[in-house]
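A.B. asks:
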Amino acid sequence: MIATGMLAVLVPVLPMMSAAVLLAFLRTSRRPAARLSVGAMSVTLTLALTLLAHHILTGDAPVVVSVGSVGSLWIDPLSLVLWTFVSGISLIVHIYSVRYMIEEPGYARFFALLDLMTAVILVMVSAADLLTLLVAWFLVGVLLYFLLGHDHRRPAAGRYAFWTQITYRFGDLPLWFAALILVHAYHSVSLPVIFSRIQSAPHVQLWGVPVPELVGFLLATAAFARSAQFPLHIWLPYTMDGPTPVSALMHAGIVNAGGFLFNRFAPLFEHAAWALHWAFGMGLATALIGSGLMLMQNDIKRSLGYSTMGQMGFMVMECGLGAFPLAVFHLIAHGFFKASLFLGAGDIIGDARAHDGVPPDPIYTSVVERRPAKPSRLPWLVAASLTVLVPVVVLSLSHFFVAEHFFFEQGVVVLLFFGWVTGAQALFAAHKMSQQDPWRLMIGILASFVVIVVGYTLISHYFGKLLYPDEQVTLALYGAASIHQVSFDALVLFLAVIFVGGWALTFFADSFELGRNIGGRGRGVYLGVYALLSRELYVADIYERLSQIVLQWSRRLNVWLRWC
Amino acid sequence: MDIVLTLLATLLVPLFPGSWAFNRLIASLPTGLAQGLAVLVLPQLGLEVLRFAPPASLEPAGWRPWGMVWAAASALLYAVRALSARDVGIWSRLMLSSGLGLIWFVWWTGASMQALRIFALSWGVPAAVALFLAGALVDRLGGARLGLQGGLLEVMPRATTALVLAGLALTATPVFPAFFSLWRGLVSVTPAWAVIWLPLIFLWGWAAGRLFQDLLFGDYRGEKVADIGVATIAAIGLLLAVSVVLSLGASGGLS
């Protein structure tokens, strides 16, 4: 156990030491700097993997390791899984940066900052006390500012790095407040101690409100700012002026901190039902707005930014439904997926500049040029039946066989509902593509769908067992996220009407070319909505105006008081 | 008598409106070094004066909550004002006045004199560094107003790095001592006070972001100037590093 603790301390310390050596001795040596940094990160990943494998094989109980008087680390399944994920993503970004950044000034400084950022994230996800968590949470924002602003010759990089820094700083405040309330109410900074006291006294009140509920709201707000939830999202799509490896690290790792925070404080959220409902609402709104705005972008990186926003909304929504381990699985899957997209985006842009790359295939003709290559589709009744029924059957059966205990929990039902919507949307899109052999296309997509759903269900289930071995905790979280049955049925019905209505609208708009025939008042509404969305709901403009007002007052005060 | 001593102390440990005179005095000193030394010494003198006027002596008048509100308001006033300051010297003085305003808040809670001294040094040391660097900028560029000639990182990398570190320390960024002083101050009062304190952290971050924007980004358009010496940056680095090590060592007793 002592050896495990010693090894565990090395995980965040190694990249920290690498950064210190880079800054002290290798500032002007490019190749040795990159080698040291990549080497340190490789060892870090190996250590993290070893510790995770050791835990899976032996099933050791979580331990808290004190690092002198500086802080403490909590070596539990959540920390071990996230250590492996973070160091894995960071190693990929390091290796990519070796060549990508070679012509940039401040090469060694860049690697030192990457190492420091990785070390701080590793500390953050394993912090065992409130102060260590707060320090690491705070430092992520500071380091991200310098990473995004690495190219100091470009004022735009500085401007958008500042947007990120100020949003992160705003999100730090609720975490500060939550930490202070927890210390005041439970008289400790140690997270395991606080959680055990919450279990024994969950109804402690402050200002007439149960402390877990109050703190749950504050933690959720901190998570919203870090995970770009509406309206605290505006920094995310605009951080593309930073180096591409930083975008990859940010979208794949840093932005997921919200999901981590929910999971770390899971014992508290068992007693914070209203905070979970709020998270569900915010997550749903963010998922819809992010995905909608993604569709309107003509810049690949900004489009990926809004895609991340939508995914983060979905992740927070999963937490709001009580599916905490699923959110961790989601953030890991999304992290690797989005890192590969970002790191590949540069090549795609380069290729597109060299040649238009328009493939002469029917899918492109159908989706982009909006004209069917060959009017060959399945009969609409067959297609509609497949679209609606197949996802329901596949999702229900796989979940029923893998996790029967949770099958009737409200959170699971809503997740299945969204799975059905996603699956049906994929099949609906496949039906719209004209093909020479529509049956072949449909069978191929159905087979892929079955493989994905069964694989996802199995992996997420066993992943959940790893993070939360006690089934009662999972049930308690689902229970906290549940609402009154009538309200729940109404909600599901409402969402079903919205989605089916959306499909019908899309179908008829395409069939009757509604977009081209809008006139009079309808056209005004259409243009208004278009302007609203193309200006990204004016959120950035509102912030800009508010900050101008504050700055104006600041100048006035300084003039009145003669700058003293 | 206690009231007179307390009012006298507001001139040395800046609390509005006494802070106006404090800032005026610092600004009137001829060099950055003198200004830096003054912000280290004067608050400590003010705390010596306060030793003879403990808050309990004012307690019968029921001033305690009002005194705490006034201290927090003074800190907020200076934090808001720092947002529009683009001169490094002015920015540093306003940030220092904001941070030291909180000493009064902690004083009203009955904190020990040692805790107050550490609190004053947490803001005093980085402010002294920033004022010294502001003096260096005045000597080289004729003024310390940022944003006129573009970013300084290219032409004065050492001075810029030192200024960034001092700015971070002055805005209570972990792992600098001000962060831990802030934490100690906040856990010593009921959480309701955080509603006044927390906007301060936001405003400080905003002020630092605006300063760094002018300091770091954009091509330099002025004449070529000499950077500060290696020995100077080493001394500043050592000073800040020692303060970080001490604050991290002391953070163990925060639970």
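Heads up: the sequence lines are chains P and W, in that order.
Start counting the first sequence at 0; every next residue gets the next number (numbering that gives the first Met the number 0).
Start counting the second sequence at 0; every next residue gets the next number (numbering that gives the first Met the number 0).
From the three backbone atoms N, C-alpha and C, an ideal C-beta is built for every residue, glycine too.
Computed from a predicted model, the values in this text were never measured in an experiment.
#1: Buried or exposed: where does P:LEU77 fall if 16 or more other Cβ atoms within 10 Å of its Cβ makes it buried?
#2: Three Cβ pairs or more, each shorter than 8 Å: is that satisfied between the stretch 494 to 507 of chain P and the stretch 411 to 430 of chain P?
#3: Checking 8 Å against the spacing of the C-beta atoms, do P:VAL92 and P:VAL119 come in under that value?
#4: So P:PRO154 contacts chain W; which residues on that side make the cut at Cβ distance below 7 Å?
#5: If contact means a Cβ-Cβ distance below 7 Å, which residues of the stretch 528 to 550 of chain P contact chain W?
#6: Determine the chain P residues that contact W:ILE200 at a beta-carbon separation under 8 Å, and present them in chain order.
#7: Where does P:GLN296 sit, in a helix, a strand or coil, going by DSSP?
#8: I believe P:TRP82 touches P:ALA47 by the beta-carbon criterion, under 8 Å. Please report the beta-carbon distance rounded to the nearest angstrom.
#9: Are the C-beta atoms of W:VAL241 and some chain B residue less than 8 Å apart?
#10: So is P:SER553 in contact with chain W if we call contact Cβ pairs under 8 Å?
#11: Rounding to the nearest angstrom, what Cα-Cα distance links W:GLY252 and W:LEU120 in this structure?
#12: Return the residues of the stretch 199 to 226 of chain P that lie within a Cβ-Cβ distance of less than 9 Å from chain W, sorted by chain order.
#13: Report the CB separation of P:LEU532 from P:GLY291 in whole angstroms; it is logged as a contact under 8 Å.
#14: Can you list, in chain order, the residues of its chain with a C-beta nearer than 7 Å to that of P:THR163? Leave out the 5 residues immediately preceding and following it.
#15: On the DSSP letters alone, give me the boundaries of the alpha helix (DSSP H) that P:SER65 sits inside.
#16: Any beta carbon from chain P within less than 8 Å of W:VAL79's own beta carbon?
#17: Could you list which residues in chain W have their beta carbon closer than 7 Å to that of P:PHE161, in chain order?
#18: Taking 8 Å as the threshold, find out whether the stretch 298 to 315 of chain P comes into contact with the stretch 449 to 462 of chain P through three or more Cβ pairs.
#19: Using the beta-carbon of each residue, which ones in chain W are nearer than 7 Å to P:HIS329?
#20: Alpha carbon to alpha carbon, how far is P:THR473 from P:GLU269?
#21: Taking only beta-carbon atoms, is P:LEU21 less than 8 Å away from chain W?
#22: For W:VAL163, which residues from the same chain have a beta carbon less than 8 Å from its beta carbon, with the 5 sequence-adjacent residues on both sides left out?
#23: For P:TYR537, is the classification buried or exposed, using 16 other Cβ atoms within 10 angstroms of its Cβ as the cut-off for buried?
#24: Mapping DSSP to helix, strand and coil, what is W:ALA143?
#25: Rounded to a whole number of angstroms, what is the C-alpha to C-alpha distance between W:GLN13 and W:ARG157?
#26: Is W:GLY189 close to chain P? Criterion is C-beta to C-beta, closer than 8 Å.
#27: Mind listing the chain P neighbours of W:ARG23? Cutoff is C-beta to C-beta under 9 Å, in chain order.
#28: If the cut-off is 9 Å on Cβ atoms, which residues from the stretch 256 to 276 of chain P count as contacting chain W, listed in chain order?
#29: On the criterion of 16 or more Cβ atoms from any shown chain inside 10 Å, does P:LEU380 qualify as buried, or is it exposed?
#30: Of the residues W:LEU39, W:ALA81, W:SER18, W:VAL154, which one's Cα is nearest the Cα of W:ARG209?
#31: By how many angstroms is the C-alpha of P:VAL389 removed from the C-alpha of P:PHE399?
#32: Is the separation between the beta-carbon of W:ALA74 and that of W:LEU49 shorter than 8 Å?
#33: Which residues in chain P have a C-beta closer than 8 Å to the C-beta of W:SER97? List them in chain order.
#34: Can you name the start and end residues of the beta strand (DSSP E) that P:LEU320 belongs to?
#35: Considering P:GLY58, what are the terminal residues of the alpha helix (DSSP H) in which it resides?
#36: Using 8 Å for Cβ pairs, my map puts W:ARG63 next to W:TRP107. What's the rounded Cβ distance?
C.D. replies: On the basis of the supplied data:
#1: Per the 10 Å Cβ criterion, buried.
#2: Cβ pair count under 8 Å is three or more, so yes.
#3: No, these two residues do not count as a Cβ contact at 8 Å.
#4: Chain W residues near P:PRO154: PHE216, GLY217.
#5: Taking 7 Å as the Cβ-Cβ cut-off against chain W, the residues of the stretch 528 to 550 of chain P that qualify are VAL549, LEU550.
#6: Listed along the chain, the chain P residues whose CB falls inside 8 Å of the CB of W:ILE200 are ARG168, ASP171, LEU172, TRP175.
#7: Looking at P:GLN296 - three-state DSSP - the assignment turns out to be coil, as it is neither helix nor strand.
#8: Going by Cβ atoms, the distance from P:TRP82 to P:ALA47 rounds to 4 Å, so yes, they are a contact pair.
#9: Of the chains in the structure shown, none is chain B; the protein chains are P and W.
#10: So yes, P:SER553 belongs to the interface.
#11: Reliability fails at W:GLY252, whose pLDDT of 49 lies under 50, so the model's placement of it is uncertain and no value is given.
#12: Per Cβ criterion, the list reads LEU205, TRP206.
#13: Taking a contact as a CB-CB distance under 8 Å, the pair P:LEU532 and P:GLY291 counts as one, their CB atoms being some 7 Å apart.
#14: By the criterion of a C-beta distance shorter than 7 Å, P:THR163 is surrounded in its chain by LEU143, TYR144, LEU147, TRP234, THR238, once the five residues flanking it on both sides are discounted.
#15: DSSP places P:SER65 in no alpha helix (DSSP H) but in the uninterrupted beta strand (DSSP E) bounded by 62 to 66.
#16: It does: the Cβ of W:VAL79 has a partner Cβ on chain P nearer than 8 Å.
#17: Within 7 Å Cβ-Cβ: GLY208, GLN212.
#18: No: the two stretches stay apart, fewer than three of their Cβ pairs being nearer than 8 Å.
#19: Those do not exist, as P:HIS329 stays about 30 Å from chain W at its closest Cβ, beyond 7 Å.
#20: So the alpha carbons of these two residues sit roughly 9 Å apart.
#21: Cβ-Cβ to chain W under 8 Å: no for P:LEU21.
#22: Result list for W:VAL163: PHE211, LEU214, LEU215, in chain order.
#23: It is exposed - the Cβ of P:TYR537 has fewer than 16 other Cβ atoms within 10 Å.
#24: The answer is coil: DSSP assigns W:ALA143 none of H, G, I, E or B.
#25: It should be noted that the sequence gives Pro, not Gln, for residue 13 of chain W. Cα to Cα, the separation comes out at about 30 Å.
#26: Here residue 189 of chain W is Thr; the residue named in the question, Gly, does not match the sequence. Chain P contact via Cβ: present.
#27: By Cβ distance, chain P contributes ARG561, CYS563.
#28: Result list empty, no residue passes.
#29: So P:LEU380 counts as exposed.
#30: Nearest of W:LEU39, W:ALA81, W:SER18, W:VAL154 to W:ARG209, Cα basis: W:ALA81.
#31: Distance between the alpha carbons of P:PHE399 and P:VAL389 is about 15 Å.
#32: Taking the C-beta atoms as reference points, W:LEU49 is found no nearer than 8 Å to W:ALA74.
#33: Within 8 Å Cβ-Cβ: nothing; W:SER97 doesn't reach chain P, min ~12 Å.
#34: P:LEU320 -> no beta strand (DSSP E), and no H or E assigned at all.
#35: Premise fails: P:GLY58 is in no alpha helix (DSSP H) and is neither H nor E.
#36: Sure, about 5 Å apart at Cβ, within 8 Å.
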